[in-house]
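Asker: Sharing a structure here in structure tokens format.
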Amino acid sequence: MFFNLTLLLVNLPLAFLLLKSADWTVANNFGIINWLPEMPLGIYVFLGLLFLDFFGAYLPHLIEHKIKPLWMIHLVHHTDHNVDTTTANRHHPIESVIRFFFTAFGVIIVGTPIGLVMLYQTLSVIATQFSHANIKLPKRVDKILSYVIVSPNMHKVHHHYVLPYTDSNYGNIFSVWDRLFGTYMDLDPDKIIYGVDVFPDEKENSSIINLLKQPFQKYRRSTIKD
2 MFFNLTLLLV
12 NLPLAFLLLK
22 SADWTVANNF
32 GIINWLPEMP
42 LGIYVFLGLL
52 FLDFFGAYLP
62 HLIEHKIKPL
72 WMIHLVHHTD
82 HNVDTTTANR
92 HHPIESVIRF
102 FFTAFGVIIV
112 GTPIGLVMLY
122 QTLSVIATQF
132 SHANIKLPKR
142 VDKILSYVIV
152 SPNMHKVHHH
162 YVLPYTDSNY
172 GNIFSVWDRL
182 FGTYMDLDPD
192 KIIYGVDVFP
202 DEKENSSIIN
212 LLKQPFQKYR
222 RSTIKD
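Position one of the sequence shown corresponds to residue 2 (my numbering), numbered consecutively onward.
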């Protein structure tokens, strides 16, 4: 509940930046999808969503795992020992701000109008709730879905407590980027253990105060591989 509130408090005041960014790209004919040849509306929308998912979600997520100060902030999301729909919004307030500016950057680079931005944001909420949900689809169904979108089993590999699984499956809506850039990994769902090995205490990881301080604590990142 706390992180839902902080997410709302961060995003509402900054929402005008997305509007301004989207309006600027349209007014200046800027961005990838505006530089492409004229195309049917359906293809335009699909490419807009696909590229926005890369620049606004996949790329910043990967960067957060590779740059230690950003990883320390992102850790709050990974120290959940019971991954479910609430985990989707479990982000440190600082990360909420960082993610917002990455999204605005994506809007400018891709050149998406505000209608497409709103559609993407809506689909993103649905996708993150779905991929974090505590549900078990038939494995074959989940696997088939994972060739197109980020399925629950695919994303939950990302929440396994040790490397190299933690550094895989960064996708948000579409799974193509993980497969294209070699960051896709598979793991039997029954073997997944949630959390992070460098902050293993479930009780501490359930305290709001501890979670808010977590990015500023020191640790030696484990390179254990199972």
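Beta carbons are placed, not taken as given, at the ideal position from N, Cα and C, and that holds for glycine.
1. Report the option in D81, G116, P38 whose CA atom is closest to the CA atom of V27.
2. Determine the extent of the alpha helix (DSSP H) in which E65 is found, giving its start and end residues.
3. On a CA-only basis, which of T87, N211, S208, Y148 is nearest M186? Give me that one, please.
4. Please classify A89 as buried or exposed, where buried requires at least 16 other C-beta atoms within 10 Å of its C-beta.
5. So which of T104, G107, V111 has the shortest CA-CA distance to W36?
6. Leaving out five residues on either side along the sequence, give the residues of the same chain with a beta carbon under 7 angstroms from the beta carbon of E65.
7. Going by the beta-carbon positions, is the gap between E205 and N211 smaller than 8 angstroms?
8. From the DSSP secondary-structure annotation, give me the bridge partner or partners of V197.
9. For the alpha helix (DSSP H) containing F55, list its first residue and its last residue.
10. Rounded to the nearest angstrom, what separates T193 and K157 at their Cα positions?
11. Specify, as a first and last residue, the run of the alpha helix (DSSP H) that F103 falls within.
12. Which residues bound the alpha helix (DSSP H) around M186?
13. Looking only at its own chain, which residues have a Cβ that is under 6 angstroms from the Cβ of L50, when we skip the five neighbours before and after it?
14. Any idea which residues DSSP pairs I174 with across the strands?
15. Can you check whether the CB of Y171 is closer than 8 angstroms to the CB of Y195?
16. L138 by DSSP, collapsed to three states: which one?
Answerer: Quick answer:
1. G116
2. 60-67
3. Y148
4. buried
5. V111
6. L71, W72, H75
7. yes
8. F200
9. Where F55 is concerned, there is no enclosing alpha helix (DSSP H), given that its DSSP letter is neither H nor E.
10. As written in the sequence, residue 193 is Ile, which differs from the Thr given in the question. Roughly 8 angstroms separates the two Cα atoms.
11. First-last of the alpha helix (DSSP H) with F103: 94-111.
12. Here M186 belongs to no alpha helix (DSSP H), and DSSP marks it neither H nor E.
13. Y121
14. According to DSSP, I174 bridges with nothing at all.
15. no
16. coil
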